[in-house]
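Trainee: What follows is a single structure, and I will ask about it in a moment.
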Amino acid sequence: MPGRGLLVMDCGEFLKGYSDYSDGLRTPEQLRDFDSHLRECPTCARYHRVVRQGIDLFRQLPRPDASPDFLPRLRHRLYHIDDHTVLGSRLGGGAALVAMAAVGLLALVWLPFASRIPVEIELAPVAVTVPASSAEVPSLFSPGPFVTPVIYERMWVGGAVPTIWERRSGSEELFEPLVQTGSSAAENDPSR
Amino acid sequence: MPKSLAVQHAKGEPRSRLELKELNDAELVAEYLDGGRFAFQELVGRYHDRLLNFIYRTIGDRDRSEDLVQETFVRVYRHLHRFDPTKKFSTWIYTIASNLAKNELRNRSRNPMVLFQAIKKNWDADHRPLQWEDRSYAPDDLFRKRHLRAQVEKAVEELPEHHRVVFVLREMEGKTYEEISEITGVTLGTVKSRLNRARNKFAQIIAPMLE
Ligand SMILES: [Zn+2]
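Read top to bottom, the protein sequences are chains A and B.
Everything in the first sequence is counted per the working numbering, starting at 1485 for the first residue and increasing by one.
Everything in the second sequence is counted per the working numbering, starting at 1044 for the first residue and increasing by one.
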């Protein structure tokens, strides 16, 4: 134990407060106590030297480079997020239409059974036209009372598809031109 | 950057890459949320190397680290609109990366096969033939230097996970105690004590090799 009586702090105190000392987080007076302990105590001086050297070596360790396909892969993933977001909201709208159609159909089916009240209503004759074969709708409820060719067309052709493509072209351009590695990150980082 | 540059910019005109480089992180986030597509690219350029290094030093598996950096950016992309602009972007992105790294280590500890593969990969890397990349060093120096680096790397890997994260954030990424506290979600006092213990353990492991 090096000259214990002369020291302001013992080795335990030194080690306990070492990080604060190392990062300069003590008062100037306390820092001086640490300095003087280091001068007097070879054990703690050795400890300090080892930590400093080790950390210097640690900082010199080679930093891994991102693989060449890192950015294309990321771009691809982000592209799918855009795609999913747009499709999700569009499908949400489509699902609402389908739900409305289902409710309408159920109402039509249940109406004769539900209405037990013997009230006779004279209905006006209904004229039905068969849609042309080119305007056929591949609907679950074909021919559906609500999902008409016009709505279908609006859902998938006039609405969703161009929007998706607008968004797609956006996300494809997100990384054009490609990011160069080795950026000026450090100089822009407020923490540095 | 001078605040005036952000203010001067004409609304609706896309910024050039050079202009984007001048913006700080918070301004880039605002620019992206305002429709500036290339702003996100600039954020990726700023952070992908640093995050890769941070996660790699935390989990020790390069390929998996790259996946986790990708995942970090995907999460940032999804949730950027929820980012609190009064906070520091770098702290936020490191928090996401740190949580992913922690989850990875947790999952790995539950899966011995993954652990074995990671150890094997590191062993393979340690036993590659020596490359004479620097001719100014004599083979002895080069060998010693490489050996020391490997030992330092190993010493960091040997630190308990929660000590290692704090150690890497402080010593390699240069984060302040306050930032580390936010990133790891522990108190300032815990950061201090973990860092002190990490340095202590690190010193114990490498001391015999350095002297
Ligand atoms: Zn001492």
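We treat Cβ as the ideally placed atom computed from N, Cα and C, and that holds for glycine.
All of these numbers come straight from a predicted model, not from anything done at the bench.
On the premise that F1083 of chain B lies in contact with Y1120 of chain B, defined as a C-beta separation below 8 Å, what is that separation, rounded to the nearest angstrom?
Mentor: As a first step, residue 1120 of chain B must be located in the second sequence, where it is residue number 77. As a first step, residue 1083 of chain B must be located in the second sequence, where it is residue number 40. Between F1083 of chain B and Y1120 of chain B the Cβ distance is about 7 Å, and since that is below 8 Å, they are a contact.
Trainee: By DSSP, does C1495 of chain A sit in helix, in strand, or in coil?
Mentor: The residue labelled residue 1495 of chain A in the question sits at position 11 within the first sequence. In this structure, C1495 of chain A counts as helix in the three-state DSSP scheme.
Trainee: Taking only beta-carbon atoms, is G1508 of chain A less than 7 Å away from chain B?
Mentor: As a first step, residue 1508 of chain A must be located in the first sequence, where it is residue number 24. No, its Cβ sits nowhere closer than 7 Å to a Cβ of chain B.
Trainee: Would Q1140 of chain B pass as an interface residue toward chain A - the criterion being a Cβ-Cβ separation below 7 Å?
Mentor: The sequence position of residue 1140 of chain B within the second sequence is 97, counting from 1. The question names Gln, but residue 1140 of chain B is Ala in the sequence shown. Closer than 7 Å: no.
Trainee: Any chance the segment 1220-1239 of chain B sits against the segment 1548-1565 of chain A, with 3 or more Cβ pairs inside 8 Å?
Mentor: no
Trainee: If you scan the segment 1088-1113 of chain B from start to end, which runs of the alpha helix (DSSP H) of 4 or more residues do you find wholly inside it?
Mentor: none
Trainee: Check whether the Cβ atoms of R1213 of chain B and L1238 of chain B sit closer than 7 Å, and answer yes or no.
Mentor: The residue labelled residue 1213 of chain B in the question sits at position 170 within the second sequence. The residue labelled residue 1238 of chain B in the question sits at position 195 within the second sequence. Yes.
Trainee: For ligand 1, is there a heavy atom less than 6 Å away from the beta-carbon of T1527 of chain A?
Mentor: To locate residue 1527 of chain A, count along the first sequence from 1; it is residue 43. Because some heavy atom of ligand 1 lies under 6 Å away, the Cβ of T1527 of chain A counts as near it: yes.
Trainee: Return the chain-ordered list of same chain residues with a C-beta closer than 7 Å to the C-beta of I1139 of chain B, the five sequence neighbours on each side being excluded.
Mentor: Within the second sequence, numbered from 1, the residue matching residue 1139 of chain B stands at position 96. So the list reads T1115, R1118 and V1119, once near-sequence residues are dropped.
Trainee: Beta-carbon of N1096 of chain B versus every beta-carbon of chain A: anything under 7 Å?
Mentor: For the purposes of this step, residue 1096 of chain B is taken as the residue at position 53 of the second sequence. Output row for N1096 of chain B: interface = yes.
Trainee: Quick one: any contact between the segment 1541-1554 of chain A and the segment 1093-1109 of chain B, if contact means 3 or more CB pairs under 8 Å?
Mentor: Three or more Cβ pairs drawn from the segment 1541-1554 of chain A and the segment 1093-1109 of chain B lie within less than 8 Å of each other, which places the two stretches in contact.
Trainee: Looking at the C-beta of Y1563 of chain A, does it have a partner C-beta in chain B at a distance below 7 Å?
Mentor: As a working mapping, residue 1563 of chain A is identified with position 79 in the first sequence. For Y1563 of chain A, the answer is no, since every Cβ of chain B falls outside 7 Å of its Cβ.
Trainee: Please return the same chain residues whose Cβ sits closer than 7 Å to the Cβ of Q1194 of chain B, not counting the five positions on each side in sequence.
Mentor: Residue numbering aside, residue 1194 of chain B sits at position 151 when the second sequence is read from its first letter. Result list for Q1194 of chain B: I1249 and M1252, in chain order.
Trainee: Is any heavy atom of ligand 1 found at a distance shorter than 6 Å from the C-beta of F1498 of chain A?
Mentor: Counting from 1 along the first sequence, the entry for residue 1498 of chain A is found at position 14. Within the cutoff, so yes.
Trainee: DSSP state of N1067 of chain B, grouped into three classes?
Mentor: Residue 1067 of chain B sits at position 24 when you count from the first residue of the second sequence. Three-state result, N1067 of chain B: coil.
Trainee: Listed in chain order, which residues of the segment 1507-1540 of chain A have Cβ atoms closer than 7 Å to some Cβ of chain B?
Mentor: Y1531, V1534, V1535, Q1537, G1538 and I1539
Trainee: Please classify S1059 of chain B: does DSSP put it in a helix, a strand, or coil?
Mentor: Here the question's residue 1059 of chain B lines up with position 16 in the second sequence. In this structure, S1059 of chain B counts as coil in the three-state DSSP scheme.
Trainee: Which residues mark the beginning and the end of the alpha helix (DSSP H) in which P1512 of chain A is found?
Mentor: The residue labelled residue 1512 of chain A in the question sits at position 28 within the first sequence. Element bounds for P1512 of chain A: P1512 to E1524.
Trainee: Measure the C-alpha to C-alpha separation of I1539 of chain A and V1229 of chain B and round it to an integer number of angstroms.
Mentor: Taking the first sequence and counting its residues from 1, one reaches residue 1539 of chain A at position 55. Taking the second sequence and counting its residues from 1, one reaches residue 1229 of chain B at position 186. Approximately 23 Å, taken between the alpha carbons.
Trainee: Just to confirm, are F1210 of chain B and A1241 of chain B a CB contact at a threshold of 7 Å?
Mentor: Mapped onto the second sequence, residue 1210 of chain B falls at position 167. Mapped onto the second sequence, residue 1241 of chain B falls at position 198. Contact flag set, yes.
Trainee: Using beta carbons (cut-off 7 Å, strictly below), is F1542 of chain A in contact with chain B?
Mentor: By 1-based counting over the first sequence, the position of residue 1542 of chain A is 58. Chain B, which has a Cβ nearer than 7 Å to the Cβ of F1542 of chain A, makes this yes.
Trainee: For L1061 of chain B versus L1071 of chain B, is the C-beta spacing smaller than 7 Å?
Mentor: Walking along the second sequence from the start, residue 1061 of chain B turns up at place 18. Walking along the second sequence from the start, residue 1071 of chain B turns up at place 28. No; because the gap between Cβ atoms is not below 7 Å, this pair is not in contact.
Trainee: Which residue wins for smallest C-alpha separation from K1130 of chain B, given the options B:K1064, B:A1069 and B:L1202?
Mentor: Position 87 of the second sequence, counting from 1, holds the residue named residue 1130 of chain B. Per the C-alpha coordinates, the member of B:K1064, B:A1069 and B:L1202 positioned closest to K1130 of chain B is B:A1069.
Trainee: How would you list, in chain order, the residues of chain A whose beta-carbon sits under 7 Å from the beta-carbon of E1196 of chain B?
Mentor: Taking the first residue of the second sequence as position 1, residue 1196 of chain B is located at position 153. L1545, listed in chain order.
Trainee: Which bits of chain B does D1504 of chain A rub up against, with CB to CB less than 9 Å?
Mentor: Locating residue 1504 of chain A in the first sequence gives position 20, where the first residue counts as 1. The answer, in chain order, is K1235 and N1239.
Trainee: My output table needs one value for R1192 of chain B: the three-state DSSP class, helix, strand or coil.
Mentor: Locating residue 1192 of chain B in the second sequence gives position 149, where the first residue counts as 1. Here R1192 of chain B sits in helix by DSSP.
Trainee: Which residue wins for smallest C-alpha separation from G1496 of chain A, given the options A:R1543, A:F1542 and A:Y1531?
Mentor: Looking up residue 1496 of chain A in the first sequence gives position 12. The shortest C-alpha separation from G1496 of chain A is found at A:Y1531.
Trainee: So the candidates are A:F1542, A:Y1502 and A:R1559; which of them puts its Cα closest to the Cα of R1217 of chain B?
Mentor: The residue given as residue 1217 of chain B occupies position 174 in the second sequence. A small correction: the amino acid at residue 1217 of chain B is Gly; Arg does not occupy that position in the sequence shown. G1217 of chain B has its Cα closest to that of A:F1542, out of A:F1542, A:Y1502 and A:R1559.
Trainee: Please name the residue in B:G1103, B:F1186 and B:F1126 whose C-alpha comes closest to that of S1145 of chain B.
Mentor: Your numbering for residue 1145 of chain B matches position 102 in the second sequence. A small fix is needed here, since residue 1145 of chain B is Lys in this sequence, not Ser. For the options B:G1103, B:F1186 and B:F1126, the alpha carbon positioned closest to that of K1145 of chain B is the one of B:G1103.
Trainee: So what's M1252 of chain B in DSSP terms, helix, strand or just coil?
Mentor: For the purposes of this step, residue 1252 of chain B is identified with residue 209 of the second sequence, where counting begins at 1. Looking at M1252 of chain B - three-state DSSP - the assignment turns out to be helix.
Trainee: Between which residues of its own chain and E1225 of chain B is the CB-CB distance below 6 Å, once the five residues before and five after are set aside?
Mentor: Counting from 1 along the second sequence, the entry for residue 1225 of chain B is found at position 182. Same-chain partners within the cutoff: T1134.
Trainee: What is the DSSP secondary structure of E1147 of chain B, counted as helix, strand or coil?
Mentor: Locating residue 1147 of chain B in the second sequence gives position 104, counting from the first residue. In the structure shown, E1147 of chain B sits in a helix (DSSP, three-state: H, G or I).
Trainee: Residues of chain A with a CB under 7 Å from the CB of H1122 of chain B: which are they?
Mentor: Working through the second sequence from its first residue, we reach residue 1122 of chain B at position 79. Per Cβ cutoff of 7 Å: no residues; H1122 of chain B is ~11 Å from chain A at best.
Trainee: Are the C-beta of P1552 of chain A and some C-beta of chain B separated by less than 7 Å?
Mentor: Counting from 1 along the first sequence, the entry for residue 1552 of chain A is found at position 68. By this cut-off, P1552 of chain A is not an interface position.
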